[in-house]
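K.L.:
4 protein chains.
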Amino acid sequence: METAVLLISCPDRRGILAEITGFIAKNNGNIIHADQHIDFQKGIFFMRIEWELEGFSLKKSEIEKAFKPIAEKFHINYQLHFSDEVQNVAVFVSKYDHCLYELLYRFKVGDLKGNLKLVISNHEDLRETVETFGIPFYYFPVSKENKREVEGEEIELLKRENINLVVLARYMQILSGRFVNTFRNRIINIHHSFLPAFVGAKPYHRAYERGVKIIGATSHYVTEELDQGPIIEQDVVRVSHRDTLEEMIKKGRDLEKLVLARAVKWHLENKILVYDNKTVIFD
Amino acid sequence: METAVLLISCPDRRGILAEITGFIAKNNGNIIHADQHIDFQKGIFFMRIEWELEGFSLKKSEIEKAFKPIAEKFHINYQLHFSDEVQNVAVFVSKYDHCLYELLYRFKVGDLKGNLKLVISNHEDLRETVETFGIPFYYFPVSKENKREVEGEEIELLKRENINLVVLARYMQILSGRFVNTFRNRIINIHHSFLPAFVGAKPYHRAYERGVKIIGATSHYVTEELDQGPIIEQDVVRVSHRDTLEEMIKKGRDLEKLVLARAVKWHLENKILVYDNKTVIFD
Amino acid sequence: METAVLLISCPDRRGILAEITGFIAKNNGNIIHADQHIDFQKGIFFMRIEWELEGFSLKKSEIEKAFKPIAEKFHINYQLHFSDEVQNVAVFVSKYDHCLYELLYRFKVGDLKGNLKLVISNHEDLRETVETFGIPFYYFPVSKENKREVEGEEIELLKRENINLVVLARYMQILSGRFVNTFRNRIINIHHSFLPAFVGAKPYHRAYERGVKIIGATSHYVTEELDQGPIIEQDVVRVSHRDTLEEMIKKGRDLEKLVLARAVKWHLENKILVYDNKTVIFD
Amino acid sequence: METAVLLISCPDRRGILAEITGFIAKNNGNIIHADQHIDFQKGIFFMRIEWELEGFSLKKSEIEKAFKPIAEKFHINYQLHFSDEVQNVAVFVSKYDHCLYELLYRFKVGDLKGNLKLVISNHEDLRETVETFGIPFYYFPVSKENKREVEGEEIELLKRENINLVVLARYMQILSGRFVNTFRNRIINIHHSFLPAFVGAKPYHRAYERGVKIIGATSHYVTEELDQGPIIEQDVVRVSHRDTLEEMIKKGRDLEKLVLARAVKWHLENKILVYDNKTVIFD
């Protein structure tokens, strides 16, 4: 069953919902999901609407043109996606392999619907793991001196391979503003704390020192400010004085890999709208 | 801000969403919430739509008549509610007071939007507690012999007081089919287990015996079959071998009162649709 | 069944556990709970041990003297408690009543084993609520100008009433160092965020702005630095873009009252050891 | 750091704890973990005690003999383990690979401390996955007719390979009483529901039909009665009417693999005591 998805945000006004659903109904579309949200504080309307293309009176190539007048009338920002599109994904890693394995496994078995085209690392350690899964592995050693240059090469590679989404699976390097802006809202990071607690380095150590009773993990889009981007998903697990730092880290890793996998999944299924440094998740 | 709410279920067909939102838009209604759901297995469409009455071109008394042609065209079951309606509520208790207190408190401070008209009990124990909150307390001792007769009196009282919702706050009597049918989908019970585990009596004792690692509580609408009605809400808490039966019961009570309060809240805010012995919760 | 409890912390050394349990066994004590913990990073040994007084060969008044040589040999910090001691508790509130109600209810029904002697507030709003439960209510209006003086009066009242534990049930004033030091490790606060996220004012507003997917509440002992004291308990609940700020606040309140009640319960049952700005909870 | 672990259960009597810790102290052992539990209902004492072997005055081979008099005096059931022992593990699978992958990964990176010696399956599907990790894969097709015979061959293989633990990672065959008794308390299964809810086949389908709001997974030791063995670990995740059956199954799989991995980990670290069809987990 092939479908089309419209992701919409615009100033909230009377009649938007009727106009959009009317557009699909008039063209004989069968809506299978529609979820809508209004942020009353900001006065913004959000929608995700998905309908079957079979029986729809417009061809895929005609939809955008036909929808444009409505978009203009309501000042709508929209994305139009089709279920047969497949996004190309690149994963960045350093030495930790738990998130990487989770992604390799999920792409392999089709739980994540995308094309995992390549893995980039600043270390050689995980080459064999990646290549065992038949995925090309690129080694880009990064130092203070060559960082700008290496990032340039990475961007070039990502563009050449038509990468749509970059996933930082515990990649221990901070990306430059140039890199972040090239893939705005298309870089997902996993941070190993319950943000905004423990922004930056060594969050488990700091959580242990602080004596928290619950630890967490956060997946978010990367922006220029460290660990300040729109949060996609968070999860937590209970710890106690019985947990050593090592045990906290192990518990945390089980969170990290699931929280990252969920974020990547929603992104690839076009279920996320970003606005105002937040996310609307149409789950 | 006064609003109207339509709760809708019907066979899923093309154009329903457009037709309903078009009806509101055409009459100049400002939609503030719309949530819709399709059960594809059963082919049923569900919707909750809420719009402001200010500026709406139909009077409250005219809405139903104007909507009827759409309802007939799509074979829609619907409920129409207005935000200024207040439901009358009766609470049934026996001797446990934790759920009762939670409800008394929440009705008092307005967290639960309803009119708590009376409390009925088969024991005298909680009279003072109830009366301290200024709520009338009715004592109906029940025995095997008088059960049918007493239930008749209770139904009569509930009807006389125009009760819309009955809440069983750990009421330790099983209601007859006659009672249940009189208030179909309008009796909410709290069961002190994670249903369908431990249906019936003494669920904590049985959970303790079975050695479960998590216990739960379940709020549900009451049907003729014990603990088999549509589930509204559930929640759980972790236990371990360190918890004695008494400690499990205490942990469970903290769940029970919150799980029951949430169910009552959603019911009073017209956010629940029942179908096929399940619930759709438009939260 | 009357019992004695020893709470112990000391530098970790061979033979401590054997020595302590030997002391109790030698005097014919029946140990009913023993929980012990070692912080290997710091090299500290912690223990909570509880035994029956019936059949114990030492009188209550003799235990401390008999234990002293062991305490000295191992440089043990200890607290000795008896199950028939009842602690005196004072609750501080401002205008929010959800935590207050929870405490009033739990002290009333005996779920919290203590003597709730009085409630202090900087507003008159909750007088009736408190007095309905038969608890004395003291109104101490606080301003910048009179703060030092008022705190002096409060401390005097607390001492006159032999208060052992102060509970800040959403009390919206910051206590001075003098107050905090008078009741070191005996003031429990509830902070309406998942600390260390959102220290200070308006945590729900900031959580809403940040777009977090989970909110929390934290109970902790009060120290001179705001929201930096030893954490006793935390809990969380999921939120989404569907939750308005108001709904987040409501969800959070249900957490706050339970998280605070758990902390007070453990404190009153002598289950908490504080060290190094952390807690060991012997649950 | 090499250590010894004693796992103990016996009738509760005065002086046990002192006697056991005295035994270790007398021989100059440094206790690094001690956790003890009493089931007062049944009058049973449980303990896990771990101490360093360096500096201990008894050789490994002498410990058991030296401890025997205490064991006899108190009627103690005990297991003595050493941290340098490595258990041999066999995993049984059918066609689902999510639990298998999790185990293969964790054994490979050393998060699970054991020797994964072989994988047995009643299907050929996962051979490549297993062999990629360098683990021998055995295919034993099972039918009604040959079941008894095949199980005999499997038992023989497991004995030949000195298997200490059998893990059923979504193995879709019911083991005979003979098999179960050969590996009593050494077969861990993952059941894809929150037991005792939905014992037996197709638990997700039945959870979906019942309209539950939370689903779960349960790891347990296998006994002759289906899904009735001692529960080791459980976890849950929230679902709603928005989740189709397929989505529930996917959410559930993320639980299954973690809940199974935790159980296997605790077993291999000798942290589980079974009694009375329950478990004590010394975490």
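Residue numbers (my numbering), protein chains in the order written: chain X, 1022 to 1304; chain W, 1022 to 1304; chain R, 1022 to 1304; chain P, 1022 to 1304. Built from N, CA and C at the ideal position, the CB exists for glycine as well.
1. Measure the beta-carbon distance from Val1110/R to Gly1135/R and round it to whole angstroms, keeping in mind my assumption that it falls under 8 Å.
2. Verify the CB distance criterion: does Ile1052/W have a CB-CB separation below 8 Å to chain X?
3. Please report the straight-line C-alpha distance between Val1187/P and Arg1207/P, rounded to a whole angstrom.
4. Is the beta carbon of Ile1252/P less than 8 Å from the beta carbon of Ile1293/P?
5. Should Ile1252/R be flagged as near chain P, meaning a C-beta pair shorter than 8 Å?
6. Check the Cβ of Val1130/P against every Cβ in chain X and list those closer than 9 Å, keeping chain order.
7. State the Cα-Cα distance for the pair Asn1051/W and Leu1147/R, rounded to the nearest angstrom.
8. Once the 5 residues before and after Asn1098/W are set aside, which same chain residues still bring their CB inside 6 Å of it?
9. Suppose you measure from the CA of Ala1228/P to the CA of Leu1216/W; what does that come to, to the nearest Å?
10. For Leu1019/X versus Val1260/X, is the C-beta distance shorter than 8 Å?
11. Which runs of the alpha helix (DSSP H), 4 residues or longer, sit entirely within the stretch 1110-1165 of chain P?
12. Just checking: is the beta-carbon of Tyr1126/R within a distance shorter than 8 Å of some beta-carbon in chain W?
13. What are the start and end residues of each continuous beta strand (DSSP E) run of 3 or more residues lying completely inside the stretch 1038-1077 of chain P, in chain order?
14. Tell me whether Arg1227/W sits in a helix, a strand or coil according to DSSP, three-state version.
15. Assuming the contact rule is C-beta atoms closer than 8 Å, Ser1197/W and Glu1172/W should be a hit. Round their C-beta distance to whole Å, please.
16. Could you tell me the distance, in whole angstroms, from the CA atom of Asn1202/W to the CA atom of Gly1221/P?
17. Apply the 10 Å Cβ neighbour rule to Lys1005/R and answer buried if 16 or more other Cβ atoms are within range, or exposed otherwise.
18. If you draw a straight line from the alpha carbon of Leu1189/X to that of Tyr1122/P, how long is it in whole angstroms?
19. Counting beta carbon pairs with one atom in the stretch 1058-1067 of chain P and one in the stretch 1275-1290 of chain R, are three or more of them shorter than 8 Å?
20. Looking only at its chain, what residues have a beta carbon closer than 6 Å to the beta carbon of Gln1100/W, apart from the 5 residues adjacent to it on each side?
21. Find the residues of chain P that neighbour Asp1275/X, judging by a C-beta separation of less than 7 Å, and give them in chain order.
22. Three or more C-beta pairs closer than 8 Å, one from the stretch 1034-1045 of chain W and one from the stretch 1065-1074 of chain W: is that the case here?
23. In whole angstroms, what separates the C-alpha of Gln1255/X from that of Lys1223/R?
24. Less than 8 Å separating the beta-carbons of Ile1195/W and Tyr1225/W?
25. In the structure shown, what three-state DSSP assignment does Val1171/R receive?
26. At what residue ranges does the stretch 1245-1302 of chain P contain a whole run of the beta strand (DSSP E), taking only runs of 3 or more?
27. Could you spell out where the beta strand (DSSP E) holding Ser1240/W opens and where it closes?
28. Could you tell me which residues DSSP pairs with Gln1100/X in its beta bridges?
29. Under the assumption that Val1107/R contacts Val1140/R (Cβ atoms under 8 Å), give the Cβ distance between them as a whole number of angstroms.
30. Per DSSP, which one or two residues make a beta bridge with Ile1184/P?
31. Along the stretch 1256-1268 of chain P, what residues have a CB closer than 8 Å to any CB found in chain X?
32. Based on the DSSP secondary-structure assignment, which residues constitute the bridge partners of Leu1208/W?
33. Would you kindly work out how many angstroms separate the C-alpha atoms of Glu1149/W and Ile1236/R, rounded to a whole number?
34. Looking at Phe1088/W and the ligand FAD, is the gap between the Cβ and the nearest heavy atom below 7 Å?
35. Taking 6 Å as the limit between beta carbons, can you name the residues of its chain near Gly1250/W, skipping five residues before and five after?
P.N.:
Let's see:
1. About 5 Å separates the two Cβ atoms, so the contact holds.
2. Closer than 8 Å to some Cβ of chain X, the Cβ of Ile1052/W qualifies, so yes.
3. It is roughly 6 Å from the alpha-carbon of Val1187/P to the alpha-carbon of Arg1207/P.
4. No.
5. Cβ-Cβ to chain P under 8 Å: no for Ile1252/R.
6. Under the 9 Å cutoff, chain X gives Asp1118, His1119, Tyr1122.
7. Between the C-alpha atoms of Asn1051/W and Leu1147/R there is a straight-line separation of about 39 Å.
8. Within the same chain, Asn1098/W has close Cβ partners Ser1030.
9. Approximately 10 Å, taken between the alpha carbons.
10. Since the first and last residues shown for chain X are 1022 and 1304, residue 1019/X lies out of range.
11. If we require 4 residues or more, the alpha helix (DSSP H) runs fully inside the stretch 1110-1165 of chain P come out as 1119-1130, 1148-1153.
12. Interface residue, yes.
13. Runs found: 1051-1060, 1065-1073.
14. In this structure, Arg1227/W counts as helix in the three-state DSSP scheme.
15. Going by Cβ atoms, the distance from Ser1197/W to Glu1172/W rounds to 6 Å, so yes, they are a contact pair.
16. Rounded to whole angstroms, Asn1202/W to Gly1221/P spans 33 Å at the Cα level.
17. This structure leaves residue 1005/R out entirely; chain R is present only between 1022 and 1304.
18. Taking the straight line from one Cα to the other gives about 22 Å.
19. Contact between the stretch 1275-1290 of chain R and the stretch 1058-1067 of chain P is not established, with fewer than three Cβ pairs separated by less than 8 Å.
20. Annotation for Gln1100/W: Leu1028 place their beta carbon closer than 6 Å to its own, counting only its chain and skipping 5 residues before and after.
21. Those are Leu1279, listed as they occur along chain P.
22. Output reads yes: the stretch 1065-1074 of chain W touches the stretch 1034-1045 of chain W.
23. The alpha-carbon atoms of Gln1255/X and Lys1223/R are separated by roughly 21 Å.
24. Contact flag unset, no.
25. It is helical.
26. Taken in chain order, the unbroken stretches of beta strand (DSSP E) that lie wholly in the stretch 1245-1302 of chain P and span 3 residues or more are 1252-1259, 1293-1296, 1299-1302.
27. Looking at the DSSP string, the run of the beta strand (DSSP E) that includes Ser1240/W is 1235-1242.
28. The bridge partners DSSP lists for Gln1100/X are Leu1028/X.
29. That belief does not hold up - the Cβ atoms of Val1107/R and Val1140/R are roughly 18 Å apart, past 8 Å.
30. Bridge partners of Ile1184/P: none, in fact.
31. Hits within the stretch, in order: Arg1263.
32. For clarity, residue 1208/W is Ile in the given sequence; the question names Leu instead. According to DSSP, which records beta bridges pairwise, Ile1208/W is partnered with Val1187/W.
33. The straight-line gap from Cα to Cα measures roughly 37 Å.
34. This structure lacks the ligand FAD; in fact it carries no ligand of any kind.
35. Same-chain partners within the cutoff: His1241, Tyr1242, Val1243, Thr1244.
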